[in-house]
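Numbering (the numbering used here), first residue to last: 1 to 556.
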């Protein structure tokens, strides 16, 4: 008997060694076949090792093995939870967690960590909050890894208030992961001030800063245009030798670019011997973002000389700047570069190119590119619909939207915003109402402020001011100043004094009065010859026109 156990143990060791050397699923399948042949497929220890080897690489095959286990233990459940939570099937992790609880198996901290990761990936807020309650009841909030998983869950679901409250509950029991997770959450929702405040607090509390921390803080300094803070972090990186890491150097270049210091950014860039495509993209986008489009083109040529092939992101960033600045000539040169370099128009690059042409007024060229794209995603369709809308082709935008659905592409909230904008600019009231209802009833989207603003603008342009007013009063944007200002502008066009006065009064109550509000209401008074009211409102506002400027691109 002792000899048999010893042989069995040796067989276990061989299998574990083999599993460690497996790099492909087909190799693991061969080991599994050997286990079945030798009867080891019913022994928990080797089966658990087999499951751990395959769950991260082929979750479907792992699920097959798991389903054949008679009484899986907690380690096996946790292995599957981990596999599901990191794969494209986080929902299965939540179902498995419910099965685990129903069987009455005692949970451990790894169970909660894996399941919370699945909740974060699926943005299953309700489930995650419920699991938080279970964590508290079972006392697992004692483990810092579980608390950090909760912090990551709330951050991923953009419940930043809940995340910060959880962070504050354990002031003496935080680690670097806690600080980095919360700072990363704030940078994702564009709150760089909170990041710098946390960084200061972290430094005061004596925590050692890591490269991960530095990346987040540099991003915040760039967003805040805080050059002094960015330079201080750069000096700290040099002192701590973080500048040997390419991702840190890239973040430093980006920080200086956002602060408009392209000379410093270029000096750091030139000092890097082995540049990757991310660093190239960063410096090229930096020049483009600062309006130095010619320098961006020169860097593209330099990439060619150094045998570095640009990717879609390299050119998409520059094209986006061309689109926003109306620099059609530079955009055309980039298009020529794309064709010369034989770069295929994937979803990212094709969308950026057609967006540039449409925003620069060349909607026919944009349409040609759109039709030539072999693959189009929802962003491609949305960009083309937007292009038609802003160029006054409302019916063409609607036809594209209908064609998109026939092709099986599901629109998102941005797509509906593009369609509603097209209807608004084209005066298509009936169609606008139809698509607004379709967005809610058919696709289940909750309209945002921008969607309501489009509808109010649409109704206002058509002279349906009472209907626009009712929409503002009945929907959850009553305190949104954009909607009220759109109504005020419509009242000026149609000379509706009473509603115009209501809109301006509301804007004053919301503490968001703008000089143009008085001008808009004065125009309504002028239509009805109410000159005394015009004089009064001008005296109240102390009105004067600000000097403005504009620019257009001209041929040399």
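All C-beta atoms, glycine included, are put in the ideal place defined by N, C-alpha and C. Predicted, not measured: the structure shown is a model, and the values here were computed from it.
If you count every other CB in all the chains shown that lies within 10 Å of the CB of residue i, and 16 or more means buried, which is it?
i: residue 423; result: buried
i: residue 258; result: buried
i: residue 46; result: buried
i: residue 171; result: exposed
i: residue 203; result: exposed
i: residue 56; result: exposed
i: residue 262; result: buried
i: residue 201; result: exposed
i: residue 286; result: buried
i: residue 443; result: exposed
i: residue 473; result: exposed
i: residue 314; result: buried
i: residue 381; result: buried
i: residue 93; result: buried
i: residue 446; result: exposed
i: residue 281; result: buried
i: residue 169; result: exposed
i: residue 178; result: buried
i: residue 26; result: exposed
i: residue 407; result: exposed
i: residue 146; result: buried
i: residue 469; result: buried
i: residue 38; result: exposed
i: residue 484; result: buried
i: residue 189; result: exposed
Identify which residue in the options has its Cα closest to the Cα of residue i.
i: residue 557; options: 272, 106, 127; result: This structure leaves residue 557 out entirely; the chain is present only between 1 and 556.
i: residue 431; options: 406, 396, 35; result: 396
i: residue 391; options: 361, 411, 403, 316; result: 361
i: residue 579; options: 342, 273, 393; result: Because the chain here runs from 1 to 556, residue 579 falls outside it and cannot be looked at.
i: residue 373; options: 348, 387, 359; result: 348
i: residue 48; options: 34, 73, 26; result: 73
i: residue 97; options: 80, 87, 86; result: 80
i: residue 491; options: 459, 474, 481, 473; result: 459
i: residue 187; options: 111, 212, 205; result: 212
i: residue 210; options: 408, 176, 76; result: 176
i: residue 118; options: 107, 95, 104, 138; result: 95
i: residue 58; options: 192, 37, 75, 82; result: 82
i: residue 102; options: 35, 377, 77, 110; result: 77
i: residue 109; options: 120, 353, 135; result: 135
i: residue 69; options: 85, 482, 44; result: 44
Helix, strand or coil, according to DSSP, for residue i in the structure here?
i: residue 160; result: helix
i: residue 470; result: helix
i: residue 3; result: Summary for residue 3: the model assigns pLDDT 38, below 50, so the residue's position carries little reliability, and this model does not support an answer.
i: residue 210; result: coil
i: residue 68; result: coil
i: residue 585; result: The requested residue 585 is not part of the displayed model; the chain covers only 1 to 556.
i: residue 394; result: helix
i: residue 559; result: The question about residue 559 has no answer here: the residues shown for the chain are numbered 1 through 556.
i: residue 556; result: The predicted position of residue 556 is uncertain, since its pLDDT is 48 and thus under 50; no value can be drawn from it.
i: residue 308; result: coil
i: residue 357; result: helix
i: residue 96; result: helix
i: residue 272; result: coil
i: residue 115; result: helix
i: residue 342; result: coil
i: residue 85; result: helix
i: residue 26; result: helix
i: residue 446; result: coil
i: residue 318; result: helix
i: residue 292; result: coil
i: residue 298; result: helix
i: residue 488; result: helix
i: residue 410; result: coil
i: residue 261; result: coil
Rounded C-beta distance between residue i and residue j? I'm assuming under 8 Å.
i: residue 167; j: residue 151; result: 6 Å
i: residue 346; j: residue 375; result: 7 Å
i: residue 486; j: residue 456; result: 5 Å
i: residue 251; j: residue 219; result: 7 Å
i: residue 217; j: residue 233; result: 5 Å
i: residue 357; j: residue 369; result: 7 Å
i: residue 454; j: residue 420; result: 4 Å
i: residue 105; j: residue 115; result: With 8 Å as the limit, residue 105 and residue 115 do not qualify as a contact, their Cβ atoms being about 13 Å apart.
i: residue 300; j: residue 284; result: 7 Å
i: residue 352; j: residue 327; result: Wrong, their Cβ atoms sit about 14 Å apart, outside the cutoff.
Quick one: does the C-beta of residue i sit closer than 7 Å to a heavy atom of the ligand FMN?
i: residue 210; result: No copy of the ligand FMN appears in this structure; indeed no ligand is present at all.
Would a check of beta-carbon distances place residue i closer than 8 Å to chain B?
i: residue 80; result: Absent from the structure: chain B. Only one protein chain is present.
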